[in-house]
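Notes to accompany the following structure.
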Amino acid sequence: MIKFLDLHKINARFETEFQEQFKLFLDSGYYILGTGVSGYENNYANYCGVKHCIGVSNGFDALVLILKGYMQLGKLKKGDEVIVPANTFIASILAILEVGLTPIFVEPNMDTFNMEASEVEKNVSGKTKAMMVVHLYGQLSEMDTLKRVAKKYDLLLVEDAAQAQGATNDLGKRAGSLGDAAAFSFYPAKNLGALGDGGAITTDDDELACVLRQLRNYGTISKYENERLGANNRLDEIQALFLNVKLQKLDEDNEKRREVAKRYISEVENDKVKLPFYDGSKNHIFHLFVVMVENREGFIQYLKENEVETLIHYPIAPHRQKALEMFNALQLPITERIHETCVSLPISPVMDDADVTKIINVINGF
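Its first residue numbered 3, the sequence shown is counted upward by one per residue in the numbering used here.
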């Protein structure tokens, strides 16, 4: 069976460096917010091309903290509307609800799966104060046009870059540097994945960064001096050390993913399978390679019988989830169609050419 994602094989490449870092961790005797976290924050900020990186507990908390930070600074208040793509992972929407803001769902572009400026403008109201842009599956949204809309309506522009570590626009600017603030997830399956949970926030806003560093650590400005109502949302020291090792290989790994994606796009020839849009640039890191198939269950079963594992990201649209029953009545046909027909194919930096060839041949025989 060709696995959808072989995390053991991905991380085995770093085993020696991990062991070295773990020994340094043990020898240091410093386990919380030590030099491992600060060193990683500096390196990731430099990588993204921003002034600040704040390591946090996970990608969801990164989103929540950004919104809380803006509320602390008086730039958002409870009840304000945040425009968000309807076909995102539910965490984007849960973060908005968590802090008492109101998500406004907009339909995505059917080809890129990402939010479009024209749809955003249709949904701006007097209560709209922010836009949460999701770089879904690893492909950058059309940030130039979205930034113009944000400026026109004086909206905060937050990047949910959980799936887009290393994606780069035509000017060489990376995800995490394209909005006012960005949230990253280092969940193990991400292109830059920890060996546990982890996340980060990037920004050029000095004031926001200061507030976020307080909020992630009980609102403290110094030990036992609490200025704000914060919580424990810190990035683990050991995960920061592991991430620092893997960061050095991120661009190379992303390029290998693109090579697999280019083979799929050029060699899969089956009218039953709709391939994703890709312009050949570095704006896509292919965290996921998502196709659309009308007979999804039959396609998945066929691949399984031919020893190819697949996943669905995501089978139920957020506005159809029981947990979000207040939005169940929304009619979002593009989003629903994507969620009803999408299938994620195996893609990773450790896939063999032979495996890619087999998957292509199997799909062409469907």
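Cβ atoms here follow ideal geometry from the backbone N, Cα and C, with glycine treated the same way.
Name the DSSP beta bridge partners of Thr-222, please? Partner residues in the beta bridge of Thr-222, as assigned by DSSP, are Asn-228.
Strand pairing of Asn-234, partner residues [DSSP]: Asn-219
Kindly give me the distance between the Cβ atoms of Ala-88 and Ala-319, rounded to whole angstroms, as I take these residues to be in contact under 8 Å. 7 Å
Measure the C-alpha to C-alpha separation of Gly-128 and Lys-80 and round it to an integer number of angstroms. Going by the C-alpha atoms only, they are around 14 Å apart.
Using DSSP bridges, identify the partner residues of Ile-4. Val-310
So, are the CB atoms of Phe-244 and Phe-20 less than 8 Å apart? Yes; because the gap between Cβ atoms is below 8 Å, this pair is in contact.
Is there contact between the stretch 319–328 and the stretch 171–178, where contact requires at least three CB pairs shorter than 8 Å? A contact between stretches requires three or more CB pairs, one per stretch, nearer than 8 Å, and the stretch 319–328 fails this requirement with the stretch 171–178.
Please state the DSSP three-state secondary structure of Ala-242. helix
For the beta strand (DSSP E) that contains Ile-106, what are its first and last residues? 104–108
Starting from Gly-201, follow its DSSP beta bridges and name the residues at the other end. Bridge partners of Gly-201: Val-58 and Ser-187.
Take Ile-362 and list the residues in its own chain whose beta-carbon comes closer than 6 Å to its own, dropping the five residues that flank it on each side. Glu-269 and Val-270
Ignore the nearest five residues each way along the sequence and tell me which others in Met-353's own chain have a CB closer than 7 Å to its CB. Val-262
Leaving out the 5 sequence neighbours to the left and right, which residues in its chain are closer than 7 Å to Ala-152 when beta-carbon positions are compared? Met-133 and Leu-159
Per DSSP, Pro-317 forms a beta bridge with which residues? Pro-317 is bridged by DSSP to nothing; it lacks a bridge partner.
On a CA-only basis, which of Gly-31, Asn-111 and Leu-210 is nearest Ile-336? Give me that one, please. Closest option to Ile-336, Cα to Cα, is Asn-111.
Boundaries of the beta strand (DSSP E) in which Ile-336 is found, first to last residue: Unbroken run through Ile-336 is the alpha helix (DSSP H), 335–343; no beta strand (DSSP E).
Cβ shell of Glu-309 (< 7 Å), same chain only, five flanking positions each side left out: Met-3 and Ile-4
Tell me whether Arg-265 sits in a helix, a strand or coil according to DSSP, three-state version. In this structure, Arg-265 counts as helix in the three-state DSSP scheme.
Residues near Ser-187 in its chain [Cβ-Cβ closer than 6 Å; skip 5 each side]: Gly-61, Ala-164 and Gly-201
In chain order, each beta strand (DSSP E) run of at least 3 residues that lies wholly inside the stretch 69–121: 83–87 and 104–108
Going by DSSP in three states, Glu-145 sits in which element: helix, strand or coil? In the sequence under discussion, the amino acid at residue 145 is Met, which differs from the Glu named in the question. Residue state, collapsed to three classes: helix.
Does the distance from the CB of Gly-102 to the CB of Leu-210 come in under 8 Å? no
Rounded to a whole number of angstroms, what is the C-alpha to C-alpha distance between Gly-51 and Gln-241? 22 Å
If you follow the alpha helix (DSSP H) that Leu-28 is part of, which residue opens it and which one closes it? 17–30
Using the three-state DSSP reduction, which class does Ile-349 fall into: helix, strand or coil? coil
Please classify His-10: does DSSP put it in a helix, a strand, or coil? Helix at His-10.
Would you say the stretch 287–294 touches the stretch 134–142, given that touching needs at least three Cβ pairs under 8 Å? yes
Taking the beta strand (DSSP E) that Thr-130 belongs to, which residues open and close that run? 130–136
For Pro-348, does the count of other Cβ atoms within 10 angstroms reach 16, so buried, or fall short, so exposed? Under this definition Pro-348 is a buried residue.
Alpha carbons only, please: which of Phe-6, Leu-217 and Glu-239 is nearest the one belonging to Glu-229? Leu-217
Among Asp-146, Asn-272 and Asn-246, which has the Cα closest to the Cα of Tyr-46? Asn-246
Give me the residue from Ile-267, Met-73 and Gly-282 with the minimum Cα distance to Lys-276. Ile-267
Between the Cα of Ser-350 and the Cα atoms of Glu-257, Tyr-42 and Ile-68, which residue gives the shortest distance? Glu-257
Straight-line Cα distance separating Phe-329 from Phe-24: 46 Å
Verify whether the separation of the beta carbon atoms of Glu-83 and Lys-154 is less than 8 Å. no
Give the secondary structure of Val-52 by DSSP, where H, G and I count as helix, E and B as strand, and everything else as coil. coil
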